[in-house]
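The sequence shown runs 1 to 283 under the UniProt record's numbering. All C-beta atoms, glycine included, are put in the ideal place defined by N, C-alpha and C. These notes are about the structure you will find just below.
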Amino acid sequence: MSAGTDAVPVAAPANPVVQSVRDSLVVAQRNLIRMGRIPEMLIFGLIQPIMFVVLFTYVFGGSIQVGSSSTTQAYREFLMAGIFAQTVTFATAGAGAGIADDMHKGLIDRFRSLPMARGAVLTGRTIADLVQTALTLVVLAVVALIVGWRAHENFGKVLAGFGLLLLLGYAFSWIGALIGLSVRTPEAATSGGLIWLFPLTFISNAFVDANQMPSFLRHIAEWNPFSATVQACRELFGNLPPGFRTPDAWPMQHPVWASLIWSVVILLVFRTLAVRKYRSATA
Numbered sequence: 001m002s003a004g005t006d007a008v009p010v011a012a013p014a015n016p017v018v019q020s021v022r023d024s025l026v027v028a029q030r031n032l033i034r035m036g037r038i039p040e041m042l043i044f045g046l047i048q049p050i051m052f053v054v055l056f057t058y059v060f061g062g063s064i065q066v067g068s069s070s071t072t073q074a075y076r077e078f079l080m081a082g083i084f085a086q087t088v089t090f091a092t093a094g095a096g097a098g099i100a101d102d103m104h105k106g107l108i109d110r111f112r113s114l115p116m117a118r119g120a121v122l123t124g125r126t127i128a129d130l131v132q133t134a135l136t137l138v139v140l141a142v143v144a145l146i147v148g149w150r151a152h153e154n155f156g157k158v159l160a161g162f163g164l165l166l167l168l169g170y171a172f173s174w175i176g177a178l179i180g181l182s183v184r185t186p187e188a189a190t191s192g193g194l195i196w197l198f199p200l201t202f203i204s205n206a207f208v209d210a211n212q213m214p215s216f217l218r219h220i221a222e223w224n225p226f227s228a229t230v231q232a233c234r235e236l237f238g239n240l241p242p243g244f245r246t247p248d249a250w251p252m253q254h255p256v257w258a259s260l261i262w263s264v265v266i267l268l269v270f271r272t273l274a275v276r277k278y279r280s281a282t283a
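This is the structure:
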């Protein structure tokens with residue numbers, strides 16, 4: 001046979017974007033299977049937000065005034081957007097701990113030996129965390145309906161509100177990824193992922209009317225990216241209480257746009273930093 005017929009055809013190199021997407025989905029599938037085998041991860045992730053709903057609704061609900069109303073029902077509807085947003089952002093700690101655990105066990109080194117896109121490891125992990133967050137939101141929404149929360153806008157606006165929540169959660173998961181790559185143990189990643197979230201969520205409009213805060217805290221709360229998403233969800237859910245005065249700050253006057261801008265900026269900045277940190281840590 002001629003040399004031409006004996007030649008083995010060489011496969012064309014895969015499109016880098018296609019390969020990155022494929023590898024990311026494979027890693028995401030691996031993490032979802034792992035999460036499915038450890039159901040207590042989802043259960044424990046639900047306990048805290050459910051406790052917040054019960055405590056704030058039945059313990060503080062009748063004593064906190066929002067707008068011109070101090071009724072438990074008005075506060076319950078005001079509260080739920082804040083609880084939803086807190087839940088998706090607190091998933092940051094889990095994302096960081098998971099990546100730190102993979103680094104600690106040497107799993108990342110095994111991925112490095114495979115012909116896969118470098119950023120796929122982190123992207124797959126954050127996609128899996130996004131799926132878990134979405135499941136948590138579904139369960140939490142059911143609990144909220146049981147305790148009396150109601151949305152008063154159409155189905156499309158309600159879905160848009162949950163979409164903004166998931167976008168915020170996904171953006172924050174990249175902050176968790178960067179933290180997980182920057183510490184030595186999963187325990188440190190958990191602590192590092194939570195310590196800054198408490199002031200972020202409490203110096204906001206999540207649990208109280210920002211108009212009632214001291215002037216310097218009110219300005220921080222109004223420009224807090226967390227507050228923008230909470231305010232956007234309240235508008236999209238129809239949960240603004242009677243007599244509520246929307247602050248004059250631009251993010252509060254245009255919360256949907258502010259939420260989108262904040263989330264996209266956080267996503268782009270921290271994804272870039274996390275991928276760069278991953279490459280330097282595994283080089």
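Can you round the beta-carbon distance between Leu166 and Thr133 to whole angstroms, since I take them to be within the 8 Å contact cut? Confirmed, Cβ separation roughly 7 Å.
Is Ala206 near Gln73, with beta carbons less than 8 Å apart? Result no, Cβ atoms of Ala206 and Gln73 do not sit closer than 8 Å.
For Asp209, count neighbouring C-beta atoms within 10 Å of its own C-beta (all shown protein chains included) and say buried if the count is 16 or more, exposed if not. buried
Quick one: what's got a C-beta closer than 7 Å to Gln253's C-beta in the same chain, skipping five residues either side? Thr246
Counting beta carbon pairs with one atom in the segment 182–200 and one in the segment 136–148, are three or more of them shorter than 8 Å? no
Is it buried or exposed, Asn239, if we count other Cβ atoms within 10 angstroms and call 16 or more buried? By the neighbour-count rule (16 or more Cβ atoms within 10 Å), Asn239 is buried.
For the candidate residues Pro39, Gly119, Phe84, whose alpha-carbon lies nearest to that of Val17? When only C-alpha atoms are compared, the closest one is Gly119.
Exposure label - Tyr75; buried when at least 16 CB within 10 Å: buried
Same chain, Cβ closer than 7 Å to Phe56, five either side skipped, listed in chain order: Leu79, Phe207
Kindly confirm or deny that the segment 256–267 and the segment 225–233 touch, where touching means at least three C-beta pairs closer than 8 Å. Counting C-beta pairs closer than 8 Å gives three or more between the segment 256–267 and the segment 225–233, which meets the contact rule.
In the structure shown, what three-state DSSP assignment does Ala274 receive? helix
Do Ala151 and Phe216 have their C-beta atoms closer together than 8 Å? no
Have a look at His104, Leu122, Val59 and flag the residue whose alpha-carbon is nearest the alpha-carbon of residue 364. In the structure as shown, the chain begins at 1 and stops at 283. Residue 364 is therefore absent and cannot be evaluated.
For residue 288, does the count of other Cβ atoms within 10 angstroms reach 16, so buried, or fall short, so exposed? No answer is possible for residue 288: it lies beyond the span of the chain, which begins at 1 and ends at 283.
Assuming Leu178 and Lys277 are in contact, meaning their beta carbons sit under 8 Å apart, how far apart are those beta carbons, in whole angstroms? 6 Å
For Gly45, which residues in the same chain have their Cβ closer than 6 Å to its Cβ, ignoring the five residues on either side in sequence? Thr136
Assign His254 to one of three DSSP states: helix, strand, or coil. coil
Nearest neighbour of Gln19, chosen from Met116, Met103, Ile99, Ile33 [CA to CA]: Taking the Cα of Gln19 as reference, the smallest distance to any Cα among Met116, Met103, Ile99, Ile33 is reached at Met116.
Straight-line gap, Ser182 to Arg218 (C-alpha atoms, nearest Å): If I take the Cα positions, the gap works out to 32 Å.
Is the beta carbon of Asn31 closer than 8 Å to that of Gly124? yes
Count the other CB atoms, across all protein chains shown, that sit within 10 Å of the CB of Ser280; report buried if there are 16 or more and exposed otherwise. Exposed, by the Cβ-count rule.
Of the choices Ala128, Pro186, Ile64, whose alpha-carbon is the least far from that of Met213? Ile64
Could you work out which residue in Arg184, Ala171, Val21 is closest to Phe270 when comparing CA atoms only? Ala171
Which residues in the same chain as Trp250 place their Cβ atom closer than 8 Å to its Cβ, once the five residues preceding and following it in sequence are excluded? Ala258
Sorted by chain position, which residues of the same chain lie with C-beta nearer than 7 Å to Val53's C-beta, five sequence neighbours on each side aside? Ile83, Val143, Ala144, Val147
Going by the CB atoms, is the gap between Gly176 and Gly272 shorter than 8 Å? According to the sequence as given, residue 272 is Thr; it is not Gly. Contact: no.
Is the distance from the Cβ of Asp129 to the Cβ of Gly163 below 8 Å? no
At the level of alpha carbons, what is the spacing between Val158 and Trp223? 23 Å
Relative to the C-alpha of residue 284, which residue among Cys233, Arg184, Trp196, Pro199 is closest? An answer regarding residue 284 cannot be provided, because it is not within the stretch 1 to 283 covered by the chain.
Please classify Leu168 as buried or exposed, where buried requires at least 16 neighbouring CB atoms within 10 angstroms. buried
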